[in-house]
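Q:
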Amino acid sequence: MEANIPHGSHYPADLAGLLYNRWVAEGMDASDLPSSSTLESLVDIAYQASLLREEGAPVMVRMVYVSPQDSDLQSSHRQDGLHVIAFDRPQACTPHQIRKIAAAANYYRSLIGVCGGSQSDGSISLWGMLVTGTDWIHQTEGALREEPSHTLPTRLVVHVLGPGNLLFTAGNARVLETIGGQVLTEGFDPFHSKWLPKHFESVRSQLLGQMDLSMIGDASVRLCDSFVRDVAQNLVRRVLRLVRTGGHGGMLIYLSDEQDERLSTWLRLRMRFHQDHSTHRFQNLMRPLMQRALEVGAQHGIAEVRWNDFQRMRDLSLNVLHDSLIEFSHFLADLMSVDGSLVLNRDFRVIGFGGEILGDSHVDTVERALDLEAEASISEPADASGTRHRSAYRLVSSVPDAIAVVVSQDGAVRFVAHRGGRVVYWPYLP
453 MEANIPHGSH YPADLAGLLY NRWVAEGMDA SDLPSSSTLE SLVDIAYQAS
503 LLREEGAPVM VRMVYVSPQD SDLQSSHRQD GLHVIAFDRP QACTPHQIRK
553 IAAAANYYRS LIGVCGGSQS DGSISLWGML VTGTDWIHQT EGALREEPSH
603 TLPTRLVVHV LGPGNLLFTA GNARVLETIG GQVLTEGFDP FHSKWLPKHF
653 ESVRSQLLGQ MDLSMIGDAS VRLCDSFVRD VAQNLVRRVL RLVRTGGHGG
703 MLIYLSDEQD ERLSTWLRLR MRFHQDHSTH RFQNLMRPLM QRALEVGAQH
753 GIAEVRWNDF QRMRDLSLNV LHDSLIEFSH FLADLMSVDG SLVLNRDFRV
803 IGFGGEILGD SHVDTVERAL DLEAEASISE PADASGTRHR SAYRLVSSVP
853 DAIAVVVSQD GAVRFVAHRG GRVVYWPYLP
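If you use our numbering, the sequence shown corresponds to residues 453 to 882, in order.
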């Protein structure tokens, strides 16, 4: 845990102070935050709302602290697809008001607009809604040449994600997250971890080793290992976005070896693909894409081609190959929409779909990671999760080198893996 964050549970007053300090440390304008009393009230309201349920479901909503007359908001409204709609009169912002409106302000499509009340007592008014659509989810995914349909002002956004789980962002940029009063010092994006890329290290080395450097003409130019990683991660991010916005949920399983004898005990596929050239679609696209990126890099005098360089390249061949990767991500998302699991090898070879996780192994507890490497975690009862999650826990417990990515019907995503003798999950929010 970071040295400037005290240990123990945090309540609205000290959590508001931590948020202010982190906001300033991240280079954001402190004047965009409400007063200390209003900020404390907002944190308290969000926390109390997170503990409520509406028709049996936990409250999940985004609130943005911004005035309806904010010039940046008006500018964004005029220039792009951000749809701002105000109520006929402001409402008092209370946990129960948030609970009632949350169903209309779908977490992935809208925000509730709040601002300071007319009194200087820390009161908060609820003034309207901002309809964003789902583009905000993949604006953080690093997609190649995809322009966002709107720009959300860098104002304070409070994400209510579950009981006691609050995420504070500046626009779409993560600032601070807390669960159960515990401040999480890292964002839950396993793609930024060390453990996840390490599982695919041999695949990246194999692809880089297949490059034909004789065609480049400049022996000093090379393709960075992170380039392969970032292209692959971008593809998976896109798959997850498609599945989570599709509203049907799904599961993706990575296996180190599809011939593993343990799999006949733990996994039954509804449809298994015949293993030939066609099931290696990812590698069949990656090899020419890497080769062409290296050639274009050499033409522009780039010594080491990285993902950022690739995003700036304007080349017809690269565009065609990248479009094919996009189509491949849609194909994978479609396979995940079938009841069961999509199963891939570590080299992204498509094994089959509609996978049913078998076996009578029982997992009593699962660890919720509190950092990217799961050095700290909180034990939770496994049966507190849905059927799809419990199946993933059983598989990872019995086949420790498997990785499962579970997408709930409501759009929540969990990465599940075996770390340090424990079944661990990471809630994913890019």
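Beta carbons are placed, not taken as given, at the ideal position from N, Cα and C, and that holds for glycine.
Only a predicted model underlies this, so the values are computations on that prediction, with no experimental measurement involved.
So what does residue 567 bridge to, in DSSP terms?
A: 577
Q: So for residue 605, helix, strand or coil by DSSP?
A: In this structure, residue 605 counts as coil in the three-state DSSP scheme.
Q: According to DSSP, simplified to helix, strand and coil, what is residue 852?
A: coil
Q: List the whole-angstrom C-beta distance separating residue 518 from residue 565, where the pair is believed to meet the contact cut-off of C-beta under 8 Å.
A: Right, their Cβ atoms sit about 6 Å apart.
Q: Among the candidates 618, 735, 672 and 865, whose CA atom is the shortest distance from the CA of residue 497?
A: Closest option to residue 497, Cα to Cα, is 618.
Q: If I measure Cβ to Cβ from residue 655 and keep anything under 6 Å in the same chain, skipping five residues before and after, which residues do I get?
A: 798 and 799
Q: For the putative contact between residue 788 and residue 863, defined by C-beta atoms under 8 Å, what is the C-beta separation to the nearest angstrom?
A: With 8 Å as the limit, residue 788 and residue 863 do not qualify as a contact, their Cβ atoms being about 13 Å apart.
Q: Apart from the five residues just before and just after residue 706, which ones in its own chain have a Cβ nearer than 7 Å to its Cβ?
A: For residue 706, where only same-chain residues beyond five positions count, the Cβ hits under 7 Å are 796, 798, 854 and 855.
Q: Closer than 6 Å by C-beta to residue 874: which residues in its own chain qualify, once you throw out the five before and the five after it? Chain order, please.
A: 819
Q: Could you tell me which residues DSSP pairs with residue 719 in its beta bridges?
A: 809
Q: Report all residues from its chain with a CB closer than 6 Å to the CB of residue 801; omit the five preceding and five following residues, and keep chain order.
A: Only 731 and 732 meet the Cβ criterion.
Q: Name the one or two DSSP bridge partners that residue 732 has.
A: Answer is none; residue 732 lacks a bridge partner.
Q: Taking Cβ positions, are residue 516 and residue 582 nearer each other than 8 Å?
A: yes
Q: CB-CB under 6 Å to residue 781, same chain, minus the five flanking residues each way: which ones, in chain order?
A: Cβ neighbours of residue 781 beyond the five flanking positions: 687, 690 and 691.
Q: Give me, in chain order, the residues of the same chain whose beta-carbon lies closer than 6 Å to that of residue 808; leave out the 5 immediate sequence neighbours on both sides.
A: 720 and 792
Q: So, using beta-carbon positions, are residue 834 and residue 817 closer together than 8 Å?
A: yes
Q: Which whole-angstrom value describes the C-beta separation of residue 754 and residue 673, a residue pair presumed to lie in contact below a C-beta threshold of 8 Å?
A: 7 Å
Q: Measuring straight from C-alpha to C-alpha, what distance separates residue 552 and residue 539?
A: Answer to the nearest angstrom: the Cα atoms are 15 Å apart.
Q: What residues in its chain sit with their C-beta under 7 Å from that of residue 758, if we drop five residues either side in the sequence?
A: 676, 678 and 679
Q: From the DSSP output, in three-state form, read off residue 746 for me.
A: helix
Q: How about residue 612 and residue 512: are their beta carbons less than 8 Å apart?
A: yes
Q: How is residue 511 classed by DSSP in three states: helix, strand or coil?
A: Residue state, collapsed to three classes: coil.
Q: Measure the beta-carbon distance from residue 880 to residue 865 and round it to whole angstroms, keeping in mind my assumption that it falls under 8 Å.
A: 4 Å
Q: Considering only residues of the same chain and omitting the five flanking positions on each side of residue 625, which have a CB-CB separation below 6 Å?
A: Correct list: empty, nothing qualifies.
Q: Please identify the residue among 859, 606 and 828 whose C-alpha is closest to the C-alpha of residue 700.
A: 859
Q: Let's see if you can read the secondary structure: which residues bound the beta strand (DSSP E) around residue 871?
A: DSSP places residue 871 inside the beta strand (DSSP E), whose first and last residues are 865-871.
Q: Where residue 760 and residue 749 are concerned, what is the direct C-alpha to C-alpha distance, given to the nearest angstrom?
A: 12 Å
Q: Can you tell me the Cβ-Cβ gap for residue 846 and residue 813, rounded? I've got them flagged as a contact below 8 Å.
A: 5 Å
Q: Under the rule that 16 or more other beta-carbon atoms within 10 Å means buried, what is residue 682, buried or exposed?
A: buried
Q: Closest to residue 871 by C-alpha separation, out of 763, 849 and 785, would be which residue?
A: Nearest of 763, 849 and 785 to residue 871, Cα basis: 849.
Q: With DSSP as the reference, label residue 817 as helix, strand or coil.
A: strand
Q: What's the C-alpha gap between residue 468 and residue 501?
A: When rounded, the distance between both Cα atoms is 16 Å.
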